[in-house]
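Okay, so here's the structure we're looking at.
Residue numbers (my numbering): 233 to 297.
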C-alpha cells in the first residue's frame, strides 16, 4: 500500500511505476478506502471509464464478499 495521493513521483521526473508494472498485468487502483472492510476473501470489480488515448481513468469499485 501507499500513503500518498499517487504512485507516481511528486515531480514526475522518473516514472518508475510505469517501468516496473508496464508488462506485469497489474492494474493500479488508488484512493480506495478500505479501513472499514473486515478481513476476508472478496471479489473486487473495477469498472473504468472508456477514455480514448488515456492510460488511466476514474473507476467505480464493487467489493463482493
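Ideal Cβ positions, reconstructed from N, Cα and C, are used throughout, including at glycine. Just so it is clear, the structure is predicted and the values come from calculations on it, not from any experiment.
Beta-carbon proximity of residue i to residue j, cut-off 7 Å
i           : j           : result
residue 295 : residue 289 : no
residue 278 : residue 291 : yes
residue 268 : residue 297 : no
Beta carbon proximity, residue i to chain D, threshold 7 Å
i           : result
residue 296 : Given the protein chain composition of this structure (a single chain), no chain D is represented.
- Task: Within the stretch 244-282, note down every full alpha helix (DSSP H) run reaching 4 residues or more, in order along the chain.
- Result: Listed in chain order, the complete alpha helix (DSSP H) runs (minimum 4 residues) inside the stretch 244-282 are 248-253.
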